Amino acid sequence: MLCSGEALPHALQMRCHRIWPDVELHNLYGPTEAAVDVTAWQCRPEPDLGIVPIGYPIANTQIYILDSDLQPVPLGVAGEIHIGGIQVARGYLNRPALTAERFITDPFNKDGSGRLYKTGDLGRWLPNGSIEYLGRNDFQVKIRGLRIELGEIEARLAACAGIREAVVIAREDVPGDKRLVAYLIPETGHTPDPAELRRQLAGQLADYMLPSAFVTLEQFPLSTNGKLDRQALPAPDGGSVAVRAYEAPQGPTETVISALWQELLHLEQVGRHDQFFELGGHSLLIVTFIERLRQQGLSATVRLVFTAPILADMAAAIDAEQNPATATAIPPNLIPAAFSQPQTETVMEEFHL
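Here it is in structure tokens:
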């Protein structure tokens, strides 16, 4: 059985193995501009990689994964897939501008005669030498100044236990507050836990790539031509964030912080055990939060928010800063007015000053 033309979900691969255990399953990849398939991978239930690679280059094919400066990316780093070889087309008929943009001189060919096709697809090299497909670079987004590959997040989510399909988009339901939202179709009988999913992703992705919300759906909305309709995906509700077991805030500082988080993160309820970043907080929002705290007569630092992101811990740290423990003053007669010259020289020698 050959699969090509669309990304093969890991859950579908495993389902094929269960239904047809004696049938070989191959995952192929390639665009029309390079005579269709240029990589191949034989799928096997063991070892279970958690993903379905697109495999290795076929004969007479060169695959490069490059950054925006046409430099090879390191192992495991996302880049654009470029294809070289005898099967690369000459260009687009009567479209010279697009041909010049997508069909480029091969910078790795010494005699300058080779050409590469810029696929617009994202991928990365795996330790076994195969390639993982990460989606189109059309789905790159920039949030808070950082460029994010949505396909990479989707691939990591789809590999989580109990997740059949995953889609990630950037939403701006509140003007100026763009966030990543993950949409999931779970396996039958499985209920995804946002906190657990976030914990699993945190070990594989940078903090700025972690979705703020995880929305579970029975099926994804489709357009009239049967493609995923990203515009029709619903806005997340309060149950889609990583909320911990609720316990009401205690004391005035916890109450103030809870109210501010509810307002800034657009949540109906925040408990004393909730965590700022799990609820969708981020570095830029910290600045606003600190300023709003100041207006309430409380002070905090960026470092404090990162080191004590749980509401109760943060409130305790703020209260400790507001009310520092008193210390017994040291009488002046116990403190020398200045070091003597020998003492100074000793200190300088000790610290190589």
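Final position of the sequence shown in our numbering is 1199; the numbers increase by one with none missing. Positions of the beta carbon are idealized from the N, C-alpha and C atoms, including for glycine. Keep in mind that this is a model prediction, so the values were computed, not measured.
For F1066, name the three-state secondary structure that DSSP assigns.
-> coil
In angstroms with no decimal places, state the Cα-to-Cα distance between G1126 and P1082.
-> 12 Å
For H863, which residues does DSSP report across the bridge?
-> Note: H863 sits in no beta bridge, so no partner.
Cα-Cα separation between Q917 and Q908, rounded to whole angstroms = 15 Å
Determine, using beta carbons only, whether L1003 and G981 come nearer to each other than 9 Å.
-> no
Are the beta-carbon atoms of I897 and H872 separated by less than 9 Å?
-> no
Around the Cβ of G925, are there at least 16 other Cβ atoms within 10 angstroms (buried) or fewer (exposed)?
-> buried
Run through DSSP, which three-state label would Y1092 get?
-> coil
Tell whether a beta-carbon distance below 9 Å holds between G1097 and D1165.
-> yes
With a threshold of 16 other CB atoms inside 10 Å of the CB of S1104, please say whether the residue is buried or exposed.
-> buried
With T965 and P877 assumed to form a contact (beta carbons below 8 Å), what rounded beta-carbon distance in angstroms separates them?
-> 6 Å
Alpha carbon to alpha carbon, what distance is there between Q933 and P883?
-> Looking at the sequence shown, residue 883 is not Pro but Asp. Using only the alpha carbons, I get a separation of about 10 Å.
Do I911 and W971 have their C-beta atoms within less than 9 Å of each other?
-> yes
Just checking, does the stretch 1056-1069 make contact with the stretch 1028-1035 on the three C-beta pairs under 8 Å criterion?
-> yes
Is S976 closer than 9 Å to Y902 when the C-beta atoms are compared?
-> yes
Residue range of the alpha helix (DSSP H) that T1099 falls in?
-> 1097-1111
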